[in-house]
Amino acid sequence: PLPFCWTETVMDTRTATAELGWISFPANGWEEVSGYDENLNTIRTYQVCNVFEPSQNNWLLTTYIDRRAAQRIYVEIRFTVRDCASIPSVLGSCKETFNLYYLETERTVSESIKGVDTIAADESFSQVDFGGRLMKVNTEVRSFGPLSKGRGFHLAFQDLGACMSLLAVRVFYKKCPSVVQNFAFFPETLAQLLSKTFIARGSCIPNAEEVDVPIKLYCNGDGEWMVPIGSCSCKAGYEPDNGNVCRACPQGTFKSSQGAGLCQQCPLNSRSTIEAATLCGCRNGYYRGDMDKPEDMCTSVPSAPRNVVSVVNQTSVLLEWHPPRDMGHRDDLSYNILCRRCHSSERRACQPCDDSVEFVPDKQGLKETRVEISKLRAHASYTFDIQVCPLKEGCLFTALCVEEIIQSLIDEEKLGISKMSSTSRSFSLSWQPPEQPNGIILDYEIRYYDKVEWGDKCLNAVCSETPSVVLEGLRPGTGYVVQVRARTVAGYGIFSKEMLFQTLTDELGQQLSLIAGSLVGGVCIVSLVTLRPDMFSGPTPTVTFPSLSEGHSSPGVKIYVDPFTYEDPNEAVREFAKEIDPSCVKIEEVIGSGEFGEVYKGRLKPVGKKEIPVAIKTLKVGYSERQRRDFLSEASIMGQFDQPNIIRLEGVVTKSRPTMIITEFMENGALDSFLRQNDGQFPVIQLVGMLRGIASGMRYLAEMSYVHRDLAARNILVNSNLVCKVSDFGLSRYLEEDTSDPTYTSSLGGKIPVRWTAPEAIAYRKFTSASDVWSYGIVTWEVMSYGERPYWDMSNQDVINAIEQDFRLPAPMDCPVVLHQLMLDCWQKDRNARPKFPDIVSMLDKMIRNPASLKAGSNNVAPGPSHHPLLDRGAPDLSRVSSVEDWLAALKMTQYRDSFLGSGFTSLPLVTQITAEDLQRIGVSLAGHQKKILTSVQSMRHHIDDQSPTESV
């Protein structure tokens, strides 16, 4: 705490040893006498008691008082007053008060005199005891200011007829004392006006440095320090001692950074021989790398790699080796490969290899003890140095060279390929044979792949014994990359440069545009769909969907481990989630709030890696241990998943505050709100691509035996490439708790998202992958309706009753029949009859391969409930609509009210004549909104036509 205010006394009559010498007027008024205070101390006092004489006006003026630059002065007066009622035969002019004044001056009396206050006694006395002591002493304090006209002042006391004595007068001012706060020194500061505060600038104490600037304290008018702003902290090499001293670290200890931390003992194999050390130097024979932290131990130099083996295969070399026998107590070893080409006649005359030489996986920073080197020159000698690198910044040891002679194949093969002819399904190619083949050419290998769908599984290869080939079975209007290489008895030569050739476009290709997919992986399959200009308004949307794989899971899929089965749930966090140094995390802005705290957008800069955007969930202050466990359980779950359509966990921060869960950042946010913001903006095949990504993620979860329980569009996140990823793995911990959130409340109790949950899960808590399939059907309905709320404004209990009566949601507007049928399959009452997620992925793949299936039998009915009396309120009831405002409200389009009325569409009969051009003119630009309005207008026309003429009027 900051100290109390201090006072500085400029005059005190109690310390006087001689006459005070104040000026009294008139002469028979105030009289200076010696007396005793209540403690029998000798004092000089002034007294007056002319109560028997009328019209008293007695003045007493002090000597000059230097104010010492103070602007506000305080006067403490100790005095006694005789009770007028105790004085016999006194006249009516007797008083029990006196007045206090001050006069600003430059050592001479000024003409300007200012009143301070009329002072009355709290207590008066009626007699004097035989010891001569005055009874009932009063103490009053008054202040005045600001003073500015002179360097000092006089005090004046006015008596108008009292019987009193001035026992002591003390004059003082207040000041904020010098203080050390937050390792900063603040000088003594005068307190000034009561209504203002004054800034005192601080300076860091010795061996401290600024943390936040400016460093200042505010001194208020009462001489009290206010809350400090800014601070200092002890420099590196110094630690705080007794709160406000920075003490040098003793020998054998160090402190590497500025702050509140304490000195630490030197790590193993290091020492410090001076005080205030910021780093402990490594002992002889040990070192610390550039990326090592000061608190890391010093390590020794690793030994050389062992048992280097080389295998030559044509113009490639495979090198393998064993790690060093002595790792130097380090676990971050990597390897560099140095390649040099030497002339066979002069083995020592070596030069670095050409840039064309390829190293797989790389030639620097290798973690594995294996590298494949290719595209070497034939009939050339090479040496390879294997370096052991404890750090990325430098290598500390070089192994013995490995010498190899590459002697085979065709030198400098340069084959120029040209196209002879082409059709929509094939083209013929030819090329010139190599000029200097290494022996007789046996045949040629032709490698080609689709440029758009390029991937490891997309390669196709054929052989030809002549320098020409016809490639067949190609797709119309598609670019293919082609390379050729020759083979002799010595083996294959290198491939020629890549050449791009295009097939012709057939009748179907002239009507279809190639949709570029945002590939996540899988086999190479291209889908063609028709994109007509009238399918959407505005700029052409980017259409992306995942790759289409007929396969299911890869072998060796892990099984999900429930973190709540651990005796210590924190152990699950340590096992499945990476701990991140909080210094690598930068919080930028709030983007939402979660169950346990705020959600932020930020940046993550792992050591030695590129900075990436991330989402940061934080645990709010004041949490319980159970809340912390539940909060981190989601990270324990997420950390077990590794699939492109599952949100990726970057790590957690648990060793500092706030506790954080850090995931990849999804630029477009939740799928439901994203679709509502882009209503009608995507072709159907794009939506199917999104659904395929979600199904792929759920297939992965099912293979891991994990049940999501809360699959919904709000829990699907969308990145900038429109890739959908499943998120929010926290519902399982909620099921035993109550909530006020209507989304998760049912009459049966517990937290259940009723509108998305299968009947057996609601009734019996039977959650399985089959119940997740039911939820996937609801998500499909959400996607095809662009984020419409399932079952509209029905209550949760009404939804449960409707499903028990076999009601199922109708197809959204323009939803293909095959997709609505997929939804109905997911909503089978018998959970064993529902498709599995691998089946759903396969169905969606077939739809994407055959875009025509997504057009046939499309449903053009306006969105809204049907086939069940409980759902009649979901669609606009045209018989009850009486105005344009009512009609727009029923369509949930009230944002266009002013546009309609301002454009002259003020009645329903006028609205029935509206066209698509009218909608564009009045500002309805979203294609989905246009379709919804025009569909309703068409229904309104039929409704009016069905009425009688009188009813129509």
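In UniProt numbering, the protein residues as written are 1 to 953. Every residue gets a Cβ at the ideal spot worked out from N, C-alpha and C, and that includes glycine. Just so we're clear, the structure is a prediction, and the values are computed from it rather than from any experiment.
Residue burial is scored here from C-beta neighbours: Tyr335 has at least 16 other C-beta atoms within 10 angstroms and is therefore classed as buried.
For the pair of segments examined, the region 211-222 was found to touch the region 182-202: the number of CB pairs separated by less than 8 Å reaches three.
When only Cα atoms are considered, Ser303 and Val388 end up about 8 Å apart. Per DSSP, the beta bridge partners of Leu166 are Tyr46 and Phe79.
Beta bridge pairing from DSSP links Leu61 with Ile23 and Ala156. Contact between the region 220-236 and the region 162-176 is established, with three or more Cβ pairs separated by less than 8 Å.
Between Tyr444 and Val481, the C-beta spacing is not below 7 Å.
The beta-carbon distance between Thr780 and Leu854, rounded to whole angstroms, is 13 Å. This is too long to meet the 8 Å contact definition. In the displayed model, Gly594 falls within coil according to three-state DSSP, outside both helix and strand. In chain order, Gln930 and Leu934 place their CB closer than 8 Å to the CB of Ala916, counting only its own chain and leaving out the 5 sequence neighbours on each side.
By the 16-neighbour rule on beta-carbons within 10 angstroms, Asp710 is buried. Looking at the backbone, the Cα of Pro146 and that of Arg170 are separated by about 19 Å.
Per DSSP, Phe674 lies in no beta strand (DSSP E); the unbroken alpha helix (DSSP H) holding it starts and ends at Leu671 to Gln677. At least 7 Å separates the beta-carbon of Leu338 from that of Asp290. DSSP lists Tyr287 as the bridge partner or partners of Thr299.
Within the same chain, Cβ atoms closer than 6 Å to the Cβ of Arg755 are found at Pro790, Tyr791 and Val799, the five residues on either side in sequence being excluded. If the five residues before and after Glu53 are omitted, its C-beta is found closer than 6 Å to no C-beta atom of its own chain. Proximity to Leu910 across Ser165, Val937, Gly597 and Asp331 peaks at Val937, based on C-alpha coordinates. For the set Met638, Glu598, Val688 and Pro228, the Cα lying nearest the Cα of Lys620 is the one of Glu598. Assignment of Pro433 by DSSP, reduced to helix, strand and coil, places it in the coil class. For Arg897 and Asp806, the gap between their C-alpha atoms comes out near 38 Å. If you check the CB distance, Arg340 and Ala380 do not come in under 7 Å.
Here DSSP, grouped into helix, strand and coil, assigns Asn645 to coil.
Listed as beta-bridge partners of Pro352 by DSSP are Arg340. Fewer than three Cβ pairs drawn from the region 761-776 and the region 671-681 lie within less than 8 Å of each other, which leaves the two stretches out of contact. DSSP places Tyr566 outside any beta strand (DSSP E), giving it a letter other than H or E. In its chain, beyond the 5 residues on either side, Lys175 and Pro177 have a beta carbon closer than 6 Å to the beta carbon of Trp6. The criterion of a C-beta distance shorter than 7 Å is not satisfied by Leu671 and Ile616.
Distance from the Cα of Pro305 is smallest, within the candidate group His322, Val312 and Glu295, for His322. Spatial neighbours of Pro835 in its own chain (CB-CB distance under 6 Å, excluding positions within 5 residues in sequence) are listed in chain order as Asp825.
In the structure shown, His322 falls within a strand segment according to DSSP collapsed to helix, strand and coil. Linking Val48 to Thr105 through their CA atoms gives a straight-line distance of about 27 Å. Where Cys826 is concerned, the enclosing alpha helix (DSSP H) starts and stops at Val817 to Cys826. Annotation: the region 768-854 contains the following complete segments of the alpha helix (DSSP H) (minimum length 4 residues), in chain order: 769-784, 796-804, 817-826 and 837-849. When C-alpha distances from Thr618 are compared across Glu611, Asp728 and Thr654, the shortest belongs to Thr654.
The Cβ atoms of Ile417 and Val357 lie no closer than 7 Å to each other.
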